[in-house]
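Below is one structure, written out as structure tokens; the observations come after it.
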Amino acid sequence: MRVGILTAGGDCPGLNAVIRAAARRLMTHGHEAIGLRRGYRGLAEHDWIELDQRSVSGILHLGGTILGTSNYNPFREEQGVEKVLSQQTQDPLDAVIAIGGEHTMMITRRVQEELGIPVVGVPKTIDNDVTHTDYTFGFDTAVQVATDAIDRLHTTAQSHDRVMILEVMGRNTGWIAVYAGIAGGADAILIPELELTVEEIAAAIARRHERGKDFSIIVVAEGAQLAFEGGERQLVRASEEVDQYGYPRLGGIGAALAVELEQRTGYETRVTSLGHVQRGGTPTATDRLLATRYGAHAADLVMAGETGTMSALKGTEMVAVPLGEVEGIKTLDLRHMELARTFFG
């Protein structure tokens, strides 16, 4: 078999570990692994590289992806479908392993259903919001980066008697914010799934001051909305632009919240936005192991003919989930937020 491997969408710690594991698993069983550069663009434009033991050696710990990535969607690009079909006629692949987030999974399903190319998906996102899998690789690394930032902000907040706000990624969900917030000892957390008003946060800060705690740490997911007791809600946007999927470009809720809290409490408030730092760099040991399991399992599914599926983690087991079932967003289990609330204020 000749099996293509591609990475699509945003980069994420652990991508190279998936590539390495899938390629090595295929090679071990006598199959050929082909790297498709820059996501589905590589499939459409025949931008391929052969993956052998040498090319995937030494990449386990590396961030980013040796194959490059893009948001190329053959169903939206001019002549995209025709290019893919032409390449498959001239130099066919027997299957494709596509590593990406929820949008990549939707494209991957259509590639098999409409173009007839056998595919297996591997879920990838630091946000941990792909449905039908318990955890995605990259999430643990992002939480570790955010937790480290909280630890560092604690010392400067305490030294200067300040309120410190940390803005983390999470357009639709608060997985990173809540996990890092609990691990780092945050005094309040804002997430998209659950409303927490500015007045409630200000009250939590006031309670801390009454106990002699003159500093506070607030963690906020970029997709959370500013909410007020009167019922007003505000989604803070970095600009009026939208991305290629029509979503607003988020960012800045930390700064907006800082203004509101300073006005209500009188306490000096500072903001740190982690941004893309959460997506880059070396994956944690947990993410290296999880990504390796995903890659090997995806290769196993291809070799077993179980295509049209996504590799998923259920409990401690790797399972196959039909791509047609992978829809929507996996929101935070609010029991985690209930635990976090124990430590607010």
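Residue numbers for the sequence shown, in the numbering used here: 1491 to 1835.
Glycine included, each C-beta is placed from N, C-alpha and C at the ideal position.
Could you check where the alpha helix (DSSP H) with Glu1719 kicks off and where it finishes? No alpha helix (DSSP H) contains Glu1719, which DSSP labels as neither H nor E.
Alpha helix (DSSP H) containing Ile1666: first to last residue? Run containing Ile1666: 1665-1674, per the alpha helix (DSSP H) assignment.
Taking 8 Å as the cut-off, does the segment 1763-1775 touch the segment 1652-1671 (at least 3 CB pairs, one atom from each stretch)? These segments touch.
Could you check how far apart the C-beta atoms of Gly1611 and Pro1503 are, in whole angstroms? I think they sit under 8 Å. Wrong, their Cβ atoms sit about 19 Å apart, outside the cutoff.
Where do the ends of the beta strand (DSSP E) carrying Met1800 lie? First-last of the beta strand (DSSP E) with Met1800: 1799-1804.
Restricting to runs no shorter than 4 residues, where is the alpha helix (DSSP H) found entirely within the segment 1761-1825? Segments of the alpha helix (DSSP H) lying fully in the segment 1761-1825: 1775-1793.
Are the Cβ atoms of His1593 and Arg1778 separated by less than 9 Å? Their beta carbons are not under 9 Å apart, which means His1593 does not touch Arg1778 by this criterion.
If you follow the alpha helix (DSSP H) that Ala1632 is in, where does it begin and where does it stop? That run of the alpha helix (DSSP H) goes 1629-1650.
Tell me Leu1496's beta-bridge partners as DSSP assigns them. Residue pairing by DSSP puts Leu1496 in a beta bridge opposite Leu1526, Ala1588.
Comparing alpha-carbon positions, which option in Leu1516, Thr1806, His1521 lies nearest Leu1780? Nearest C-alpha to Leu1780: Thr1806.
Member of Leu1516, Gly1548, Thr1559, Arg1783 whose CA lies at the smallest distance from the CA of Leu1526: Selected option, being the one with the closest Cα: Thr1559.
Touch check for the segment 1682-1690 and the segment 1817-1828: three-plus C-beta pairs under 8 Å? A contact exists between the segment 1682-1690 and the segment 1817-1828.
7 Å CB neighbourhood of Tyr1625 in its chain, flanking five on each side removed: Excluding sequence neighbours, Tyr1625 sits near Asn1618, Leu1780, Leu1803.
Could you check whether the Cβ of Ala1498 sits closer than 9 Å to any Cβ belonging to chain C? Of the chains in the structure shown, none is chain C; there is only one protein chain.
Using the Cα positions of Met1654 and Leu1747, report the straight-line distance between them to the nearest angstrom. The alpha-carbon atoms of Met1654 and Leu1747 are separated by roughly 11 Å.
In the DSSP assignment, find the beta strand (DSSP E) that holds Gly1744 and state where it starts and stops. Premise fails: Gly1744 lies in the alpha helix (DSSP H), 1743-1755, not in any beta strand (DSSP E).
Whose CA, out of Ile1743, Leu1751, Val1710, Gly1814, lies closest to the CA of Arg1652? Nearest of Ile1743, Leu1751, Val1710, Gly1814 to Arg1652, Cα basis: Leu1751.
Express the C-alpha separation of Gly1702 and Ile1641 in angstroms, rounding to a whole number. Before going further, note that residue 1641 is Asp rather than Ile in the sequence given. Going from the Cα of Asp1641 to the Cα of Gly1702 covers about 20 Å.
Where does Val1610 fall in DSSP's three states? Three-state DSSP puts Val1610 in a strand.
Can you name, in chain order, every residue of its own chain whose Cβ lies under 6 Å from the Cβ of Arg1760, other than the five neighbours on each side? In chain order, Arg1652, Met1654 place their CB closer than 6 Å to the CB of Arg1760, counting only its own chain and leaving out the 5 sequence neighbours on each side.
Do you know whose CA, among Arg1515, Leu1541, Gly1570, lies nearest Leu1557's CA? Looking at the Cα atoms, Leu1541 is the closest of the given residues.
So what's Glu1572 in DSSP terms, helix, strand or just coil? Reduced to three states, the DSSP call for Glu1572 is helix.
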